[in-house]
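Numbering (the working numbering), first residue to last: 116 to 392. Have a look at the structure below, then the notes.
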């Protein structure tokens with residue numbers, strides 16, 4: 116009976132996971148699809164926008180920028196303050212094993228607020244704009260390919276870093292089975308790396324933020340503030356680098372041994388023998 120009640124903890128953990136997953140899909144649409152595949156007419160009309168001096172004193176430009184800045188600051192404060200040790204101890208005392216799920220849920224909620232209430236600046240100038248041929252055709256295509264590759268890399272890194280644990284589901288599952296904290300079975304080097312590697316997809320997100328066919332004022336604000344935030348949160352040191360290099364070398368050696376064994380087997384017996392094994 117008690118074990119069955121414990122497994123009920125998986126319900127809010129999975130709910131937080133699904134909410135976060137949906138938020139991630141909306142984030143892709145917001146930062147990539149809308150920016151890269153936006154209407155060409157909107158980019159072409161940018162030539163009629165006011166100059167920078169007049170735009171930065173225009174209330175129709177300043178008002179949405181202030182709203183957008185407030186939304187970004189809200190997300191940064193939530194994402195950073197809830198990651199501090201004092202707040203983690205407090206939320207751990209309140210939510211127990213659901214602490215990570217609660218953190219992920221609040222992060223997704225802050226992103227949802229940013230997506231829902233973001234104010235595009237339609238009357239301001241562009242930092243750059245590809246509104247003439249052939250750039251209006253090729254630049255969005257190149258940006259789309261770069262974004263697609265960046266998101267693939269991001270998803271791959273998330274899977275490597277254990278997506279279930281990142282979302283807080285694995286912690287609840289281990290707790291229900293009496294296996295303790297998943298971090299307890301990891302080496303001290305991994306725990307140290309995780310504490311420093313707050314954002315393992317730093318370069319990929321920078322590419323997504325800046326590789327766009329046209330950069331409006333609100334998009335510029337988003338790119339600048341998130342670039343500054345990601346840079347400040349990135350705190351890898353030489354010891355972390357050496358550990359990552361050693362792990363990559365070890366995986367490369369294993370891969371090389373498997374390839375060599377496969378080649379020897381093919382040379383001796385042909386492909387059918389390998390399939391039989």
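Heads up, the beta-carbon is just placed ideally off N, CA and C, and yes, glycines get one too.
Per DSSP, the continuous alpha helix (DSSP H) segment holding residue 193 begins and ends at 174-196. Apart from sequence neighbours up to five positions away, the residues of its chain that approach residue 265 with a beta-carbon distance below 6 Å are 319, 322 and 323, ordered along the chain. The closest CA to that of residue 176, considering only 240, 207 and 140, is found on 240. The beta carbon of residue 235 sits closer than 6 Å to the beta carbons of 333 from its chain, once the five residues preceding and following it are set aside; these are given in chain order. According to the DSSP assignment, residue 133 belongs to the alpha helix (DSSP H) that extends over 125-143.
Rounded to whole angstroms, residue 151 and residue 178 show a C-alpha spacing of 25 Å.
Residue 245: not part of any alpha helix (DSSP H); DSSP gives it neither H nor E. Excluding the 5 residues flanking it on each side, residue 295 has same chain C-beta neighbours closer than 8 Å at 289, in chain order. Runs of the beta strand (DSSP E) lying entirely within the region 214-239, each at least 3 residues long, are absent. Under DSSP, residue 329 shares a beta bridge with 244.
At a Cβ-Cβ threshold of 9 Å, residue 340 and residue 191 count as neighbours. The residue among 130, 215, 251 and 337 with its C-alpha nearest the C-alpha of residue 142 is 337.
Per DSSP, the unbroken alpha helix (DSSP H) holding residue 279 starts and ends at 278-281. Membership of residue 287 in the alpha helix (DSSP H) is indicated by the continuous run 284-291.
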